[in-house]
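Notes follow the structure.
Numbering (my numbering), first residue to last: 67 to 246.
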């Protein structure tokens, strides 16, 4: 049987163990543990059964650790929606959301009757109008709101076809009945 090419020193084992113990990032912890185990002579099958990784991933992680240390084991994937807005566009969007209300931007086409507060539907419409983009799911829009410093609040249910004069008359009638 051929001698394993990948081995780690006691110092490297301690570095991997510290990274494992002090990280809250699950994928990084798994990678540190897998590389440490492989460097200490555990079989690939045993590492695969314990970590759920493939042999190819394990070998890549070992190469990355040898070349870059623990930082090489960090997840470098980037989500699909993240790259749709540039940093400048995101800053511009945040400024516009603060400066304008949906009613000022869309008029009666705003998602709520009064158009005072931004909703996911309004943000979707604004991104299409201003930047020509749209995201796949609702969570991407709520993340954009969070990045711009907006908090989530459930909008009031008000019908767009509601006649304000009739509502005022009805409320006045209610007050007269309750007072009399």
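Every residue gets a Cβ at the ideal spot worked out from N, C-alpha and C, and that includes glycine. Nothing here was measured: the structure is a model prediction, and the numbers come from that model.
Of all the options 79, 85 and 152, which has the alpha carbon lying nearest to the alpha carbon of residue 199? In the chain shown, counting from the first residue as 1, residue 199 sits at position 133. Residue 199 has its Cα closest to that of 152, out of 79, 85 and 152.
Is DSSP giving residue 139 helix, strand or coil here? Along the chain shown, read from residue 1 onward, the residue named residue 139 stands at position 73. In the three-state reduction of the DSSP assignment, residue 139 falls in the helix class, which pools H, G and I.
Of all the alpha helix (DSSP H) runs that stay within the bounds of the segment 169-215, which reach a length of 4 or more residues? Segments of the alpha helix (DSSP H) lying fully in the segment 169-215: 186-197 and 204-213.
Report, in whole angstroms, the separation of the C-beta atoms of residue 141 and residue 94, which I expect to be a contact under 8 Å. Here residue 141 is taken as the residue at index 75 of the chain shown, counted from 1. Here residue 94 is taken as the residue at index 28 of the chain shown, counted from 1. Taking 8 Å as the upper bound for CB-CB distance, residue 141 and residue 94 are in contact here, some 7 Å apart.
Here's the rule: buried if 16 or more other CB atoms are within 10 angstroms of the residue's CB, otherwise exposed. What is residue 122? Residue 122 sits at position 56 when you count from the first residue of the chain shown. By the 10 Å Cβ count, residue 122 comes out exposed.
Within its chain, find whatever has a CB closer than 8 Å to the CB of residue 216; leave out the 5 residues flanking it on each side and keep chain order. To locate residue 216, count along the chain shown from 1; it is residue 150. Non-local C-beta neighbours of residue 216 in its own chain, meaning closer than 8 Å and more than five positions away in sequence, comprise 163 and 184, ordered along the chain.
Cutoff 7 Å; reference residue 72; Cβ partners in own chain excluding five residues on either side: Here residue 72 corresponds to residue number 6 of the chain shown, with the count starting at 1. Contacts found: 104, 105 and 128.
Check for me: the alpha helix (DSSP H) holding residue 84 runs from which residue to which? Counting from 1 along the chain shown, the entry for residue 84 is found at position 18. Residue 84 -> alpha helix (DSSP H) spans 76-88.
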